[in-house]
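Data first, discussion second: the structure below is written as structure tokens.
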Amino acid sequence: MADKEVLTREQEMIEAIYLGLRMTPGIDLIWFQQKFGINFIETYKDVITDLEKRNYIITDASRTALTRQGRAFLDGITSMLVVQDFSEAQWKR
776 MADKEVLTRE QEMIEAIYLG LRMTPGIDLI WFQQKFGINF IETYKDVITD
826 LEKRNYIITD ASRTALTRQG RAFLDGITSM LVVQDFSEAQ WKR
């Protein structure tokens, strides 16, 4: 029997962001809010604003998705979001 890896909440969020952005529809914002209790747009607004200016991401009331250009930078964009999240978490301690 294979061991089952148990992810921390932070790891689950990173995985959800990465996998969501990989998919054409993007991240379902309502699902993200229900799953993690976090408003994705509000939490990542500075990064999202920057990415929108670069035409790498699009956001509407229900989804955040990468543009065709943005998909080429998936790993970097995910890192930008994660770094912001953990930087803010450090300040709240």
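Residues in the sequence shown are numbered from 776 upward in steps of one, following our numbering. Just so you know, even glycine gets a beta-carbon here, dropped at the ideal spot from N, CA and C.
DSSP three-state assignment for residue i, whether helix, strand or coil
{"i": "T839", "result": "strand"}
{"i": "T824", "result": "helix"}
{"i": "A732", "result": "Because residue 732 is not part of the residues shown, which for the chain are 776 to 868, the question remains open."}
{"i": "L782", "result": "coil"}
Beta bridge counterpart(s) of residue i as assigned by DSSP
{"i": "I802", "result": "T839"}
{"i": "T834", "result": "T839"}
Selected residue, minimal CA-CA separation from residue i, among the options
{"i": "M855", "options": "A840, D821 and V781", "result": "D821"}
Beta-carbon proximity of residue i to residue j, cut-off 8 Å
{"i": "L841", "j": "L804", "result": "no"}
{"i": "Y831", "j": "F815", "result": "no"}
Beta-carbon separation (whole angstroms), residue i vs residue j, contact threshold 8 Å
{"i": "T839", "j": "G801", "result": "5 Å"}
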